[in-house]
Amino acid sequence: MSETGYNCTSDEQLEARGSSEQILRENPVGSSNDNHDGPRNAFDTSDDIDSSSTDETILCLFYRKSKLAAAAYFVETSELHLLYDMTDLGPDFRLLNSLFLQLKPTQVVTSPSMSDLFLRKIHYLISGEEVPISPPVDPPSFSNKFHFIPAKEFRFSSCKRAILELKLPSEPEQATEADRHNHILSIINVTATVLVSAVGGLLYFLQRSLARLTLTSMQTPVLSVHTLSLKNLVWVDEETIRALQIFAPVAHPSSYKWYTGSSKEGLSVFSLLNRCHSAAGAKYMRVMLSQPIRDMDVLHTRHEVITFCLQPLNEQVVKSLADSIVHVKTVMKILTQ
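Heads up: the sequence shown at position 34 corresponds to 43 in the working numbering, and the numbers run straight through without jumps.
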């Protein structure tokens, strides 16, 4: 596979390449959910439980020397999720497929210097269409979902500096600059060079988007940093999930509630198991069903929770908990207030 990505340590090559690249065409954070150009994705969670807000997930991808890394920002919770450097070979890009299935990104950011094969795969995962493309590309019908930023913004040195400038709520009070740097380095492993580039690119995109919204140079809020783990997940492609009828979206029966791209859940494994009382719970159940886990410790923990909830002695406790979480939308912001 021809690799058109660059080495982040070669600043001269980056500067030369950056001059010929497309200028960033940002879409302000939180505006990509207004388009419903096609049928609803089988894993969409927007119609599970009525909610006045929709989830926004911005995913930045970087691919170099067969290593994939990703950084995802959840706008609703202000959480940063990181996928460290992992081998992912084309043209299948199984890891990339799994990442899209798990995160359901509403906006995708990358560099136009990535290989044609990689960019074609991203375009297919976003649009569902096999369209041959070559960088620089910004497909007209997906310009609010697929973004390119200059290759120089993925340079290792500038990306590492942007990471060290992060301000997290978990940092020590009255911390010096050195203390802050050490705290961040204890959370994010900057020796993973591909990941550092992905995080730096994401922070740049978020900063520019926030600047367009607020007309200020405010830093994008990051309340917490988490590590994405795909090693313990069972590889299941979308066709298999459809064949097993894990999800079965159907057109909304009410003409008053119908709009292009809307749907309700039909007869499926999800509809049979879904007893969730919150939008967050329904969303997480979709993730659990679309990406089965094989970690025995996690499975045992889930069984213990189910056993607790089914015991008659705990019936009132479970009912009280269920009644209390109906209106809970964003746990992270509640905890940080």
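Built from N, CA and C at the ideal position, the CB exists for glycine as well.
Enclosing beta strand (DSSP E) for residue i [first to last residue]
| i | result |
| --- | --- |
| Leu89 | Glu88 to Thr96 |
| Leu105 | Not the beta strand (DSSP E): Leu105 falls in the alpha helix (DSSP H), residues Arg103 to Leu112. |
| Ile6 | As displayed, the chain neither begins before 10 nor continues past 346, which places residue 6 out of reach and without an answer. |
Simplified DSSP assignment, three categories, for residue i
| i | result |
| --- | --- |
| Pro178 | coil |
| Lys338 | coil |
| Ser124 | coil |
| Thr236 | strand |
| Ile197 | coil |
| Cys318 | helix |
| Ile255 | coil |
| Glu138 | coil |
| Gln325 | helix |
| His286 | coil |
| Val307 | helix |
| Val117 | strand |
| Ile131 | helix |
| Ile250 | helix |
Chain-order list of residues whose beta-carbon lies under 6 Å from that of residue i (same chain, five-residue window excluded)
| i | result |
| --- | --- |
| Leu70 | Ala79 and Thr119 |
| Ser233 | Glu88 |
| Val203 | Phe71, Arg73, Lys76, Ala78 and Asp94 |
| Phe127 | Tyr72 |
| Ile32 | Because Ile32 carries a pLDDT of 37, less than 50, the predicted location of this residue cannot be relied on, and no value is offered for it. |
Neighbourhood of residue i by C-beta distance below 8 Å, restricted to the same chain and skipping five residues each side
| i | result |
| --- | --- |
| Met294 | Phe279, Leu282, Asn283 and Cys285 |
| Ala184 | His192 |
| Asp188 | Glu180 and Pro181 |
| Lys130 | Gly99, Pro100, Phe102 and Leu105 |
Cβ-based neighbour list, residue i, same chain, cut-off 7 Å, excluding 5 preceding and 5 following
| i | result |
| --- | --- |
| His231 | Inspection of the sequence shows that residue 231 is occupied by Val rather than by His. Closer than 7 Å at the Cβ level, and outside the excluded window around Val231, lie Ser87, Leu89, Leu175 and Leu177. |
Exposed unless 16 or more other CB atoms sit within 10 angstroms - verdict on residue i
| i | result |
| --- | --- |
| Ala291 | buried |
| Val307 | exposed |
| Thr18 | At Thr18 the pLDDT is 38, less than 50, meaning the model places this residue with poor confidence; the figure from the coordinates comes in the next sentence. With fewer than 16 other Cβ atoms within 10 Å, it is exposed. |
| Lys161 | buried |
| Leu319 | exposed |
| Thr96 | exposed |
| Met123 | buried |
| Gln116 | buried |
| Arg164 | buried |
Boundaries (first-last residue) of the alpha helix (DSSP H) holding residue i
| i | result |
| --- | --- |
| Leu77 | Unbroken run through Leu77 is the beta strand (DSSP E), Lys76 to Phe83; no alpha helix (DSSP H). |
| Phe8 | Residue numbering for the chain in the displayed model covers 10 to 346; residue 8 lies beyond these limits and cannot be assessed. |
Minimum Cβ-Cβ distance from residue i to chain C less than 7 Å
| i | result |
| --- | --- |
| Glu247 | In the structure shown, chain C cannot be found, because there is only a single protein chain. |
Contact between the segment 243-255 and the segment 197-213: three or more CB pairs below 8 Å?
-> no
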